[in-house]
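Engineer: The sequence shown begins at 2 in the working numbering and counts up by one. Here a beta-carbon is modelled for each residue, glycine too, at the ideal position from N, C-alpha and C.
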Amino acid sequence: MAKIDEIKEELNYLKIWLGIIVVTAISLIGWLINNYGQESFVKIFGDIIAIITLTVAIIIVDKKIKAKIKSLRDL
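(1) Could you pull out every residue in the same chain whose Cβ sits closer than 8 Å to the Cβ of Ile5, ignoring the five residues on either side in sequence?
(2) Tell whether a beta-carbon distance below 8 Å holds between Ile52 and Leu29.
(3) Tell whether a beta-carbon distance below 8 Å holds between Leu33 and Ile66.
(4) Can you name, in chain order, every residue of its own chain whose Cβ lies under 8 Å from the Cβ of Ile70, other than the five neighbours on each side?
(5) Please name the residue, chosen from Glu10, Gly20, Ile8, Lys44, that lies closest to Ile59 on a Cα-to-Cα basis.
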């Protein structure tokens, strides 16, 4: 039973980080929409790079969550 509890705790931890990453990405997208014509190219470019990086992080964390759920099914 301890193995199941450990995997559940890891899932909770990953879900928290997924939520933080999603909220951060949404905030950056909102900033980009509001400041597209007003800020310098460097800031806009940096924001776009950050959004892309966070999108990749979301995909990675999502795959880890799915793998943990699958490992729970196998127990």
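Structural biologist: The structure says:
(1) For Ile5, where only same-chain residues beyond five positions count, the Cβ hits under 8 Å are Leu73, Leu76.
(2) A contact, by the Cβ cut-off of 8 Å.
(3) No. Outside cutoff.
(4) Cβ neighbours of Ile70 beyond the five flanking positions: Leu12.
(5) Among Glu10, Gly20, Ile8, Lys44, the Cα nearest to that of Ile59 belongs to Gly20.
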